[in-house]
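All residue numbers for the sequence shown refer to the working numbering, where the first residue is 882 and numbers rise by one.
No residue lacks a Cβ here, since even glycine has one placed at the ideal position from N, Cα and C.
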Amino acid sequence: MTPQLFVVEGGADDDGEPELFEDLPADPASESQARSTLHGKEFDAEALELVESLGATVVEHYPKVDGYPLDFLVEGPNGRRILVDARGTPDRTDRGKAGLRRQDTVLKFGFKALRLAERGCPQPLVLITSHLPRPGSSSAFLLSELNDSLLDVVATVGDLPGRRRLHHYLNDDLAPGPIVPLPAPWREVQLDLDFTVGADESDDDTDDEEGPDA
């Protein structure tokens, strides 16, 4: 939309001429969307730094597999290739809706992971997040349902065992054939008595940590 100039009644410049003001069009992206997009890009950079610190080389940025966008295709020193999707926030604060602690984040990513697994994804898929779900939460249950669709889930905050598992997949001399996932706590289901699917984890956060096209 072309900006429109209009005269404000009673407004005038120093020469007495009517003062014009510009009617700007609405911003197509809200402040929260812009902030989410920025955070998403910052976290993508963190995820990339993590895999590169473990010796991986990026083969392709933002690959699409069967129409589903991912963040990286990487190759480890052992020659194994892994697809990586990043879902998280650069804010390392322990918040109730950070990373995979939001049900909608797990559900959106989960649909992608399930469909790729059903279609025979050519490489194993690893999800890198900032924060893992809290034990016993509904998000933890939903993530455990992806056990057969993911090679692993690794967090950038407080997850040294996850980093070690990812290092194993990328560096160790693995047996021929599909990579065998290592045991991980996120695969186990431990539900609280008040567990309810469909109810977001309680927190005062309001912004989604992902970009609008995540």
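Reduced DSSP category for residue i - H, G, I as helix; E, B as strand; rest coil
i	result
R962	strand
T986	helix
H1012	coil
K978	coil
Y1050	helix
V1070	coil
V932	helix
E999	helix
P950	strand
R968	strand
A1036	strand
L1006	strand
Cβ separation of residue i and residue j, assumed to be a contact under 8 Å, to the nearest whole Å
i	j	result
G969	G960	That belief does not hold up - the Cβ atoms of G969 and G960 are roughly 28 Å apart, past 8 Å.
L1051	G936	6 Å
L1006	L1041	Going by Cβ atoms, the distance from L1006 to L1041 rounds to 22 Å, so no, they are not a contact pair.
V1038	R973	5 Å
S1030	A994	4 Å
For residue i: DSSP bridge partner residues
i	result
K922	Bridge partners of K922: none, in fact.
K945	P950
Start-to-end residues for the alpha helix (DSSP H) that takes in residue i
i	result
L1063	Segment: none, L1063 is in no alpha helix (DSSP H) and carries neither H nor E.
Element boundaries [beta strand (DSSP E), containing residue i]
i	result
A1021	No beta strand (DSSP E) holds A1021; the alpha helix (DSSP H) holding it covers S1019 to S1025.
L954	F953 to E956
Do three or more CB pairs link the region 971–989 to the region 1015–1033 at distances below 8 Å?
-> Taking 8 Å as the limit for Cβ pairs, the verdict is that the region 1015–1033 does touch the region 971–989.
Are there three or more Cβ pairs, one per stretch, closer than 8 Å when the region 948–959 is compared with the region 1010–1017?
-> no
Decide if the region 1034–1045 is in contact with the region 1056–1067; the criterion is three or more beta carbon pairs, one per stretch, under 8 Å apart.
-> At 8 Å Cβ cutoff, the stretches touch.
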